[in-house]
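Visitor: Have a look at this one.
There are 2 protein chains.
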Amino acid sequence: MHLDLKTWKHVFKLDPDRELGDEELERVCLSGTDAILVGGSTGVTFDNTVDLLARVRRYEVPCVLEVSEQEAIVPGFDLYFIPVVLNSRDPQWITGRQHAALKEYGAIMDWSQIVTEGYIMLNGESSAARITSSETELSGRDVEAYARLAERLFRCPVVYMEYSGIFGDMALVKKVSGLLGESRLFYGGGIDGPDKARQAAEAAHTVVVGNSIYYDLESALQTVQAVREAGGAAGR
Amino acid sequence: MHLDLKTWKHVFKLDPDRELGDEELERVCLSGTDAILVGGSTGVTFDNTVDLLARVRRYEVPCVLEVSEQEAIVPGFDLYFIPVVLNSRDPQWITGRQHAALKEYGAIMDWSQIVTEGYIMLNGESSAARITSSETELSGRDVEAYARLAERLFRCPVVYMEYSGIFGDMALVKKVSGLLGESRLFYGGGIDGPDKARQAAEAAHTVVVGNSIYYDLESALQTVQAVREAGGAAGR
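Sequence order for the protein chains is A and B.
For the first sequence, the residue numbers in our numbering are 9 to 244.
For the second sequence, the residue numbers in our numbering are 9 to 244.
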């Protein structure tokens, strides 16, 4: 299956380590979102990943694994996103784990399914930023330079501004979207309903909605329509 | 000027911090080499770089800057190679200096002139490996995984196996060349004359000859013809 992520405006992110009932999962998968991204910062295992994949596979929505743990690389996803944390202080998160995974699986990988994600961690209080030892005290120019690095030097198809847990600086997100010619800007963080989703869709190419699925599903589901109706960057 | 580095089989590397007389430089530039790569590990400044560029520019040979010091980025080269040291333990050499340079110059760069080089440092005794804190205790599988990382995740047009000062493991170089479908494998290290050049040309796509220019120019010049006549990987 060839998936053109350049058309994706809205993505739901599901964490294998969190509980979601069958009925709730069905509503997420039939919501009209462009894809389900499976991934989390902690507690991701082969077993909980394969379980979640099997449950999502009942529906037609594309399903992508964001690889965090080498042990949790489960076959059968449509695409595999490989995060590279551009502002990490620890090379483990830039080349180290990626190298280890390629050493193990490089010879048998289907490269057409692999997408490099250039992550910029922007909330220093988040577990994602802490785990990856990210330098989050960044100026706007710092963020722009990381985005260019991702697009121009590493040619990442996805640049991901991750505010995990807080709603980010939409002026900056919009500016960075405008800098990118080839890469697609994913935005994640703090989208608790349609209003924030609309703002994010006017700034980023692709809006990722995660946490709110677990604490306010109704509002989370409303983000799909809100992103569809928004103008701006996501309309690219 | 559009330069297709995919056709380059032989490159001479000149160090702005080392002396080379006008007559010697002329012989290097008229040797039939495919390009002059300007770069060094220590002592590279704006002044010695601009001096060397001006001297090489009297000839038609393409001239490329391998950027090491941000202060020594001189306009007027045909291409700019941006090294990313894949096996460095210090993120400064993977994303840090690159980020700083893009923060300063990103808005005004001509991206068609920029080429990312995925370096694999392989001689732990070399100053290049020491300066970059590289992990050089690598198995063949480690090197293959770094090459795949460079080609597949970071889409580097050039993968550079750098044995700086010693002649490398040609069986491994040949194996890595064979893995690469898009990226070009540059080999550097220990080429003191035509015999080593021929062996390297049978293993790598592009052979880089540096040091021997400064201590045995006649032998260095003979490497051009030796590479031309070799079969193998450089013939790709």
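Heads up, the beta-carbon is just placed ideally off N, CA and C, and yes, glycines get one too.
The structure displayed is predicted, hence computed values, not measured ones.
What residue range does the alpha helix (DSSP H) around cysteine 71 (chain A) cover?
Guide: Taking the first sequence and counting its residues from 1, one reaches residue 71 (chain A) at position 63. Per DSSP, cysteine 71 (chain A) belongs to no alpha helix (DSSP H); it is in the beta strand (DSSP E), 71–74.
Visitor: Which class does alanine 43 (chain A) belong to by DSSP, given the choice of helix, strand or coil?
Guide: Numbered from 1 along the first sequence, position 35 holds the residue referred to as residue 43 (chain A). Alanine 43 (chain A): strand per DSSP, three-state reduction.
Visitor: May I have the straight-line CA-CA distance separating tyrosine 113 (chain A) from glutamine 207 (chain B), to the nearest angstrom?
Guide: Start at 1 with the first residue of the first sequence, and residue 113 (chain A) comes out as number 105. Start at 1 with the first residue of the second sequence, and residue 207 (chain B) comes out as number 199. Those two C-alpha atoms are separated by around 30 Å.
Visitor: Interface residues of chain B around proline 99 (chain A) at Cβ under 8 Å?
Guide: In the first sequence, counting from the first residue as 1, residue 99 (chain A) sits at position 91. By Cβ distance, chain B contributes Ser96, Arg97, Asp98, Pro99, Ile102.
Visitor: Quick one: give me the first and last residue of the alpha helix (DSSP H) that threonine 231 (chain A) is part of.
Guide: Here residue 231 (chain A) refers to the residue found at position 223 when the first sequence is read from its first residue. Element bounds for threonine 231 (chain A): 225–237.
Visitor: Between which two residues does the beta strand (DSSP E) containing valine 7 (chain A) stretch?
Guide: Any property of residue 7 (chain A) remains undetermined from this structure, which presents chain A solely from 9 to 244.
Visitor: Measure from the C-beta of tyrosine 127 (chain A) to each C-beta in chain B and report whether the shortest distance is under 8 Å.
Guide: To locate residue 127 (chain A), count along the first sequence from 1; it is residue 119. So, not an interface residue.
Visitor: For the putative contact between serine 96 (chain B) and serine 147 (chain B), defined by C-beta atoms under 8 Å, what is the C-beta separation to the nearest angstrom?
Guide: In the second sequence, the residue the question calls residue 96 (chain B) occupies position 88. In the second sequence, the residue the question calls residue 147 (chain B) occupies position 139. Wrong, their Cβ atoms sit about 18 Å apart, outside the cutoff.
Visitor: Using Cβ-Cβ distances below 9 Å, what residues of the segment 163–187 of chain B are close to chain A?
Guide: So the close ones are Arg163, Cys164, Leu187.
Visitor: Output the residue ranges of the alpha helix (DSSP H) runs that lie fully inside the segment 90–116 of chain A and measure 4 residues or longer, sorted by chain position.
Guide: Segments of the alpha helix (DSSP H) lying fully in the segment 90–116 of chain A: 104–113.
Visitor: How would you list, in chain order, the residues of chain A whose beta-carbon sits under 9 Å from the beta-carbon of lysine 14 (chain B)?
Guide: As a position in the second sequence, residue 14 (chain B) is number 6, starting the count at 1. Chain A residues near lysine 14 (chain B): none, gap ~16 Å exceeds 9 Å.
Visitor: Between the segment 172–190 of chain B and the segment 149–165 of chain A, do three or more beta carbon pairs fall short of 8 Å?
Guide: No: the two stretches stay apart, fewer than three of their Cβ pairs being nearer than 8 Å.
Visitor: DSSP state of lysine 14 (chain B), grouped into three classes?
Guide: Residue 14 (chain B) sits at position 6 when you count from the first residue of the second sequence. Lysine 14 (chain B): helix per DSSP, three-state reduction.
Visitor: Can you tell me where the alpha helix (DSSP H) holding valine 64 (chain A) begins and where it ends?
Guide: Within the first sequence, the letter at position 56 stands for residue 64 (chain A). Where valine 64 (chain A) is concerned, the enclosing alpha helix (DSSP H) stretches over 54–64.
Visitor: Does DSSP put serine 142 (chain B) in a helix, in a strand, or in coil?
Guide: One-based indexing of the second sequence puts residue 142 (chain B) at position 134. Strand at serine 142 (chain B).
Visitor: Whole angstroms are fine: how far does the CA of glycine 176 (chain A) sit from the CA of alanine 205 (chain B)?
Guide: Taking the second sequence and counting its residues from 1, one reaches residue 205 (chain B) at position 197. Taking the first sequence and counting its residues from 1, one reaches residue 176 (chain A) at position 168. About 54 Å.
Visitor: Consider the Cβ of glycine 132 (chain A): report whether some Cβ of chain B lies at a distance smaller than 8 Å.
Guide: Taking the first residue of the first sequence as 1, we reach residue 132 (chain A) at position 124. Closer than 8 Å: no.
Visitor: Could you check the C-alpha separation between aspartate 30 (chain A) and isoleucine 44 (chain A) for me, to the nearest Å?
Guide: Here residue 30 (chain A) is taken as the residue at index 22 of the first sequence, counted from 1. Here residue 44 (chain A) is taken as the residue at index 36 of the first sequence, counted from 1. Answer to the nearest angstrom: the Cα atoms are 15 Å apart.
Visitor: Please list the partners that valine 92 (chain A) has in chain D, where partner means a Cβ-to-Cβ separation under 9 Å.
Guide: Among the protein chains of the structure shown, namely A and B, there is no chain D.
Visitor: Exposed or buried, serine 120 (chain A), counting other C-beta atoms within 10 Å across all chains shown (16 or more means buried)?
Guide: If you number the first sequence from 1, residue 120 (chain A) lands on position 112. Under this definition serine 120 (chain A) is an exposed residue.
Visitor: Is there a Cβ from chain A that is less than 8 Å from the Cβ of tyrosine 195 (chain B)?
Guide: Reading the second sequence from its first residue, position 187 is the one you call residue 195 (chain B). Judged by the 8 Å Cβ criterion, tyrosine 195 (chain B) is not in contact with chain A.
Visitor: Using a Cβ-Cβ distance cut-off of 8 Å, determine whether glutamate 152 (chain B) contacts chain A.
Guide: Numbered from 1 along the second sequence, position 144 holds the residue referred to as residue 152 (chain B). Yes, glutamate 152 (chain B) counts as interfacial toward chain A.
Visitor: Could you tell me whether the Cβ of arginine 149 (chain B) comes closer than 8 Å to any Cβ of chain A?
Guide: For the purposes of this step, residue 149 (chain B) is identified with residue 141 of the second sequence, where counting begins at 1. Interface residue, yes.
Visitor: Taking a contact to mean a Cβ-Cβ separation below 8 Å, would you say glycine 196 (chain B) touches phenylalanine 162 (chain B) in this structure?
Guide: For the purposes of this step, residue 196 (chain B) is identified with residue 188 of the second sequence, where counting begins at 1. For the purposes of this step, residue 162 (chain B) is identified with residue 154 of the second sequence, where counting begins at 1. For glycine 196 (chain B) and phenylalanine 162 (chain B), no; Cβs fall outside 8 Å.
Visitor: Take glutamate 79 (chain A) as the anchor and find which of A:Thr50, A:Arg156, A:Arg236 has the nearest alpha-carbon.
Guide: As a working mapping, residue 79 (chain A) is identified with position 71 in the first sequence. It is A:Thr50.
Visitor: So the alpha helix (DSSP H) glycine 196 (chain A) belongs to, where does it begin and stop?
Guide: Numbered from 1 along the first sequence, position 188 holds the residue referred to as residue 196 (chain A). Looking at the DSSP string, glycine 196 (chain A) is not in any alpha helix (DSSP H); the run it does join, the beta strand (DSSP E), is 192–196.
Visitor: Under 8 Å, with one C-beta from each stretch per pair, do the segment 10–26 of chain B and the segment 36–43 of chain B reach the 3-pair mark?
Guide: Yes: the two stretches touch, three or more of their Cβ pairs being nearer than 8 Å.
Visitor: Is the Cβ of histidine 10 (chain B) closer than 8 Å to any Cβ of chain A?
Guide: Here residue 10 (chain B) is taken as the residue at index 2 of the second sequence, counted from 1. For histidine 10 (chain B), the predicted structure reports a pLDDT of 49, less than 50, and the residue's modelled location is therefore unreliable. The matter cannot be settled from this model.
Visitor: List the residues that DSSP assigns as beta-bridge partners of isoleucine 122 (chain A).
Guide: Numbered from 1 along the first sequence, position 114 holds the residue referred to as residue 122 (chain A). Isoleucine 122 (chain A) is bridged to A:Tyr88.
Visitor: Using a Cβ-Cβ cutoff of 9 Å, what residues of the segment 111–122 of chain A are near chain B? List them in chain order.
Guide: Taking 9 Å as the Cβ-Cβ cut-off against chain B, the residues of the segment 111–122 of chain A that qualify are Lys111, Glu112, Gly114, Ala115, Met117, Trp119, Ile122.
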